[in-house]
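Participant: Residue numbers (the numbering used here): 2 to 110. I have a structure here, written as structure tokens, and I will follow up with some questions on it.
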């Protein structure tokens, strides 16, 4: 067993959005994505399936041509290589992020 300290709002030093990986095994990886209110989510599609669980904050999320409002308790599944983005962040947003298999860090080309 491993106890993982995660889910705290920790933006990048310059105040932008930041992803912190907490666990990596071949089958999956897990981290916390912090997006400050008003910040931009500049991510690109990933080669892995992904699940977001919003733990705090509010904003919008667009993926697969659909836009939804997100807040604490919202859980989102994004299939590999699908364009997606958080936007219109009105309260500092914290999401737990699960990738399967483990995140390669290489966006779709």
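By construction, the Cβ of each residue, glycine as well, lies at the ideal position given by its N, Cα and C atoms.
Can you name the start and end residues of the beta strand (DSSP E) that residue 60 belongs to?
Facilitator: Here residue 60 refers to the residue found at position 59 when the chain shown is read from its first residue. From DSSP, the beta strand (DSSP E) with residue 60 extends over 50 to 64.
Participant: Whole angstroms is fine: what's the gap from residue 5's alpha carbon to residue 22's?
Facilitator: The residue labelled residue 5 in the question sits at position 4 within the chain shown. The residue labelled residue 22 in the question sits at position 21 within the chain shown. If I take the Cα positions, the gap works out to 11 angstroms.
Participant: Which residues in the same chain have their Cβ closer than 7 angstroms to the Cβ of residue 8, if we skip the five residues on either side of it in sequence?
Facilitator: Position 7 of the chain shown holds residue 8. Cβ within range, chain order: 33, 56, 95, 97.
Participant: On the criterion of 16 or more Cβ atoms from any shown chain inside 10 Å, does residue 45 qualify as buried, or is it exposed?
Facilitator: By 1-based counting over the chain shown, the position of residue 45 is 44. Under this definition residue 45 is an exposed residue.
Participant: What residues in its chain sit with their C-beta under 6 angstroms from that of residue 65, if we drop five residues either side in the sequence?
Facilitator: Mapped onto the chain shown, residue 65 falls at position 64. So the list reads 83, once near-sequence residues are dropped.
Participant: Grouping DSSP H, G and I as helix and E and B as strand, with all else coil, what is residue 32?
Facilitator: Within the chain shown, residue 32 is the residue found at index 31, counting from 1. Strand, per DSSP.
Participant: Can you tell me whether residue 99 sits near the ligand PLP, meaning its C-beta is under 6 angstroms from at least one heavy atom of the ligand?
Facilitator: With respect to the ligand PLP, the structure shown offers nothing to examine, as it has no ligands at all.
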